[in-house]
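Worksheet: the structure to be examined is printed underneath.
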Amino acid sequence: MVYLNEGGFYGGHGGGAILSDRWVLTSGRNLFLKKSHKDTCGQQPLVPKVYLGVAKPEDVDASKEAAVEQVFLHPEFQNASDWENDLALIKLKEPLSFNQTLMPIPLPEQGQEQEERVGEEAIFGAWDMGIIHYQPGAVKYLKLPVVSHEVCRAEYQSSKGPIVNANMFCTGASEFLINVCFMDAGNTLVFQNPKTRRVYAAGIVSFDNVCAFKKYAVHTRVSTYLPWIRDVMRGDEVVSAQRESLVADMYSGKI
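With this note's numbering applied, the sequence shown corresponds to residues 27 to 281, in that order.
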């Protein structure tokens with residue numbers, strides 16, 4: 027997994043996903059120490075330290091660090107209210123070498139509508155442990171069910187939380203009542219097509235309801251932003267079919 031560090035919670039403040047040998051996808055708010063709209067509006071994003079293949083945050087060291095060339099915040103992130111357009115791309119200075127423990131995750135197929143249906147389960151790699159607020163340990167892979175958009179939106183409206191719009195979707199807690207929490211922002215929710223076995227990055231964790239296992243996590247819907255992602259990454263190699271197959275094999279044992 028990708029670990030982003032800039033002196034935040036437990037020395038770090040979020041995660042991300044490798045899209046290709048020079049690109050990492052994360053949430054927009056991971057490029058700011060303070061996350062509220064008033065604290066990010068008009069401010070320059072930070073250039074975080076990026077660590078790759080991290081299983082435990084406490085094991086982070088210089089050998090796992092990848093130098094950053096540039097960060098790309100979604101152009102409408104700071105213009106919108108609440109948590110809209112919450113995504114960013116990080117370009118690395120040098121191309122990565124992939125192996126069985128470090129590989130990219132494919133994007134949704136361009137031009138194909140990706141509908142995250144209620145009741146479907148997705149795989150999510152997490153360091154936090156929901157309501158158990160201990161320092162995170164090794165990466166845990168959770169199965170999180172997609173929940174009704176209407177129910178999720180109503181829940182956040184009732185608590186005067188951020189607006190959940192059509193560019194987002196929601197998940198509930200795992201069967202073990204573990205949910206998304208603080209350091210999970212920017213990590214990727216992965217779906218697998220049961221027929222083709224093709225996996226893809228469906229969502230980026232944006233926000234949650236204070237790690238509560240009875241509440242919902244909200245994800246930025248990646249398919250909505252494919253044109254922007256492709257435009258920023260233009261000129262880089264597209265992930266090969268062989269690498270997609272390796273990723274599918276890795277996730278098939280977890281879905």
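Beta carbons: idealized from backbone N, C-alpha and C, even for Gly. Since we're looking at a predicted model, the values are computed, not measured.
Asked, Found
"Just to confirm, are P132 and Y29 a CB contact at a threshold of 7 Å?", "no"
"Less than 8 Å between C-beta atoms, sequence neighbours within five positions excluded: which residues of the same chain meet that for P134?", "Q140, Y226, A227, A228, V248, S249 and L252"
"Measure the alpha-carbon distance for K282 versus N191 and round it to whole angstroms.", "This structure leaves residue 282 out entirely; the chain is present only between 27 and 281."
"Beta carbon of G41, beta carbon of G212: below 7 Å?", "yes"
"Quick one: what does DSSP say L128 is sitting in, helix, strand or coil?", "coil"
"Where does S46 sit, in a helix, a strand or coil, going by DSSP?", "strand"
"Since K199 is in the alpha helix (DSSP H), which residue starts that stretch and which ends it?", "In the sequence on display, residue 199 carries Ala and not Lys. Run containing A199: none; DSSP gives neither H nor E here."
"Scan the segment 208-257 and note each continuous beta strand (DSSP E) run of 3 residues or more that stays entirely inside, going in chain order.", "214-218, 225-234 and 243-247"
"Helix, strand or coil, according to DSSP, for G151 in the structure here?", "strand"
"Looking only at its own chain, which residues have a Cβ that is under 7 Å from the Cβ of V97, when we skip the five neighbours before and after it?", "L57, P71, V73, A114 and I116"
"Given a cut-off of 7 Å, decide if L215 and H245 are closer than it, judged by their beta-carbon atoms.", "yes"
"What's the C-alpha gap between V50 and K186?", "32 Å"
"M194: buried (16+ other C-beta within 10 angstroms of its C-beta) or exposed?", "buried"
"Taking F217 as the reference, give the member of F150, E201 and L118 with the closest Cα.", "F150"
"Assuming E95 and V76 make a contact with CB atoms under 8 Å, what is their CB distance in whole Å?", "At roughly 11 Å, the Cβ-Cβ gap does not stay under 8 Å, so E95 and V76 are not in contact."
"Determine whether the beta carbon atoms of Y242 and C207 lie at a separation below 7 Å.", "no"
"Looking only at its chain, what residues have a beta carbon closer than 6 Å to the beta carbon of L122, apart from the 5 residues adjacent to it on each side?", "D47"
"Have a look at N205 and M259 and give me their C-alpha separation to the nearest angstrom.", "31 Å"
"Find the nearest neighbour of Q69 within the set N31, L99 and A93, judged by alpha-carbon distance.", "L99"
"Skipping 5 residues on each side, what residues in its chain have a beta carbon closer than 6 Å to that of E147?", "K169 and P171"
"Is K90 helix, strand or coil when you go by DSSP?", "helix"
"Alpha carbon to alpha carbon, how far is E142 from G198?", "13 Å"
"Quick one: is C178 buried, meaning 16 or more other Cβ sit within 10 Å of its Cβ, or exposed?", "buried"
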